[in-house]
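Here is the structure we will look at, set down as structure tokens.
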Amino acid sequence: MVAVFNKDVLSWYLITIKLREAVDANLQKSPPPPRERDLPLRITNGADASPPPPVQRQSEQDRPATRSRALSPAHSPKPQDSEWVIAIRGKLAQARAEEAACPWARLSVYRVPKCLRDGDERAYTPQVVSIGPLHHGRRRLREMDRHKWRALHHVLKRTGHDVTAYLGAVRALEDRARSCYEGRAAGMGSNDLAECLVLDGTFVLELFRGALDGGKGFVDDLGYSRHDPIFAMRGAMHAVRNDMILLENQVPLFVLDLLLGIQIGNPEQTGAVASLAVRFFDPLMPTDAPLLRKDRSKLESSVGADATAAFDPLSCPMLHCLDVFRRSLLRAGLQPTPPPPVRLWPKKWSGLRRVADKRRQQFVHCVSELREAGIRCRRHNTDRFWDIKFDNGVLHIPRILVHDGSKLLFLNLIAFEQCHMDIATPGGNNITSYAIFMDNLINSAEDVKYLHDRGIIEHWLGSDAEVADLFNRLCEEVVFDINDSYLSGLSDQVNRYYDYKWSTWVASLQHNYFSNPWAIVSVVAAVFLLLLTMAQTFYSAYSYYRPPQ
Numbered sequence: 001m002v003a004v005f006n007k008d009v010l011s012w013y014l015i016t017i018k019l020r021e022a023v024d025a026n027l028q029k030s031p032p033p034p035r036e037r038d039l040p041l042r043i044t045n046g047a048d049a050s051p052p053p054p055v056q057r058q059s060e061q062d063r064p065a066t067r068s069r070a071l072s073p074a075h076s077p078k079p080q081d082s083e084w085v086i087a088i089r090g091k092l093a094q095a096r097a098e099e100a101a102c103p104w105a106r107l108s109v110y111r112v113p114k115c116l117r118d119g120d121e122r123a124y125t126p127q128v129v130s131i132g133p134l135h136h137g138r139r140r141l142r143e144m145d146r147h148k149w150r151a152l153h154h155v156l157k158r159t160g161h162d163v164t165a166y167l168g169a170v171r172a173l174e175d176r177a178r179s180c181y182e183g184r185a186a187g188m189g190s191n192d193l194a195e196c197l198v199l200d201g202t203f204v205l206e207l208f209r210g211a212l213d214g215g216k217g218f219v220d221d222l223g224y225s226r227h228d229p230i231f232a233m234r235g236a237m238h239a240v241r242n243d244m245i246l247l248e249n250q251v252p253l254f255v256l257d258l259l260l261g262i263q264i265g266n267p268e269q270t271g272a273v274a275s276l277a278v279r280f281f282d283p284l285m286p287t288d289a290p291l292l293r294k295d296r297s298k299l300e301s302s303v304g305a306d307a308t309a310a311f312d313p314l315s316c317p318m319l320h321c322l323d324v325f326r327r328s329l330l331r332a333g334l335q336p337t338p339p340p341p342v343r344l345w346p347k348k349w350s351g352l353r354r355v356a357d358k359r360r361q362q363f364v365h366c367v368s369e370l371r372e373a374g375i376r377c378r379r380h381n382t383d384r385f386w387d388i389k390f391d392n393g394v395l396h397i398p399r400i401l402v403h404d405g406s407k408l409l410f411l412n413l414i415a416f417e418q419c420h421m422d423i424a425t426p427g428g429n430n431i432t433s434y435a436i437f438m439d440n441l442i443n444s445a446e447d448v449k450y451l452h453d454r455g456i457i458e459h460w461l462g463s464d465a466e467v468a469d470l471f472n473r474l475c476e477e478v479v480f481d482i483n484d485s486y487l488s489g490l491s492d493q494v495n496r497y498y499d500y501k502w503s504t505w506v507a508s509l510q511h512n513y514f515s516n517p518w519a520i521v522s523v524v525a526a527v528f529l530l531l532l533t534m535a536q537t538f539y540s541a542y543s544y545y546r547p548p549q
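If you use the UniProt record's numbering, the sequence shown closes out at 549, no skipped numbers anywhere.
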């Protein structure tokens, strides 16, 4: 009986605990604010009963003020930014810091844009040796690294210096050197970048110094073997030289000047590397004669009245070896000049002037069309290949040498002019201007043949068609304004002459009736017969009206 009683008590005790837990759970929930009509009535005794306090209602005129006060920023808490907004603010701060730092101000070694390198990847990529960090460590270029270490060993042995002297000097210029490169150099460590610049810079200087006097300097001055596979001016030197002229394959000139200065005991020297570079790259020149120091005064004096505008290509600060080579090609400042009046015949047409369409995308017509208009081409006897003249229907064009490295050379020079905005000054797009002008002149193998027969183009390619294809592909994706070109005035002269019909008629007469000796004989005979016929007709009529007495 006692057990049964205890069991019932235990059951009621458990039920009580469950009820208490349920009540506590309900109390923890926050009930919604009670509405006015749901407020509980106060239950009181009669003496203590008092009416509930009146509920104040907002008048219609008070509601807008209350709502404005509730929505004003001063009375509402500022919401926290989401992670997305915080990320955007971080990117804006990074862009602001980059804009303040202006990292592109010192850029000089660029990645060639994809729009330019499509279809010509090989022309911008080193095939034998990497110079600088942009192509450093590529697997197919590692074979040349052992020759770079040999060059550094020769330098240290010859000068008696420790390698730390070169590494320390380059490390001191790390920030300046790193800012010259676009792309991969930003991710290289300090030690890796210093090692790359010292190793590649020493290799370049050894090639520059040893190539003097036809390569005798490698053996006589630098101590290399006559049978050296690289430093003996053998066949590999041609491929190495082509790689060293590429835009992406450069070491800043101030680094080369520093390394050479340490070798010769004058770290502050400048200008010597530029002179060595001009001599080393002389085989790539598209002209007949090289530019040497002893020739510069002669070349500048040949400018004549414009001698004051000539500049020494090695006198101003330069960026790298490609920049040195480009300046040595130009030699004198080329500035767009207004076209002089064209001497045309007859004089009664001299007042006419063609209005040039600024939307036109070419300088001049091709050679075949110019010949039909009576414009001839002659060789201009100068070694400045860009010095093109036009005089009274004759286009004077200097001779240019086209070889298997010409395409690579012009493509990298054009890419440099497209990328480096600091040279967007008089002379900033001269190579591009020349390439587009020649592209306009040459449309077919017949145009190349005509220029070759006139001594203007000398090429070592397989056929005239290959030369035409070379010039037609140089500037396919180039952005260019012909009004800023040094050839804009000459282009206007040629096109104005081309538009005069008289010159076209004269040219057609020469082409159809005076193109060869037999045609000339036929024309003379026809004219003679025509004169005899006219004379016979005259005398026949004369004798009819005035018979002899």
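Where is the CB? At the ideal position from N, CA and C, for every residue including glycine. Note that the coordinates shown come from a computational prediction; the quantities given were computed from them, not determined experimentally.
Beta-carbon proximity of residue i to residue j, cut-off 8 angstroms
i	j	result
I230	H147	yes
F325	A277	yes
L470	K407	yes
C196	V109	no
A415	L116	yes
D243	V129	yes
I375	L395	yes
C366	N483	no
W460	H420	no
V255	G201	yes
G215	R158	no
R241	F281	yes
R399	G462	no
I431	L413	yes
L258	P267	yes
For residue j and residue i, the rounded distance between their alpha carbons
i	j	result
V251	D447	40 angstroms
residue 611	A100	Here the chain has residues from 1 to 549 only, and residue 611 is not among them.
L292	I436	Note that L292 scores 44 on pLDDT, short of 50, meaning its location in the model is unreliable; the coordinates nonetheless yield the value given after this. Approximately 28 angstroms between the Cα atoms of the pair.
R496	P133	50 angstroms
Y544	L530	21 angstroms
Q362	S488	10 angstroms
N381	A151	42 angstroms
D492	T287	26 angstroms
P126	A239	9 angstroms
R178	S190	9 angstroms
A172	Y166	10 angstroms
R106	L411	22 angstroms
M237	I131	15 angstroms
M188	C321	23 angstroms
E476	D118	10 angstroms
G405	D391	32 angstroms
Per-residue DSSP class, three states only, for residue i
i	result
Y110	coil
C366	coil
Y539	helix
Y181	strand
E300	Bear in mind that the predicted position of E300 carries a pLDDT of just 39, short of 50, making it unreliable; the figure below should be weighed with that in mind. Correct three-state label for E300: helix.
A95	helix
F437	helix
V129	coil
P286	coil
L246	coil
A194	helix
H238	helix
V163	helix
H154	helix
V478	coil
Q80	coil
Q269	coil
P517	helix
L411	helix
T533	helix
One or two residues paired with residue i in a DSSP bridge
i	result
L395	C377, F390
L401	E458
Residue i burial status per 10 Å Cβ neighbour count (16 or more: buried)
i	result
P283	exposed
V170	buried
E248	buried
L532	exposed
A93	exposed
W149	exposed
I457	buried
H153	exposed
E364	A small correction: the amino acid at residue 364 is Val; Glu does not occupy that position in the sequence shown. Buried: at least 16 other Cβ atoms inside 10 Å.
Q418	buried
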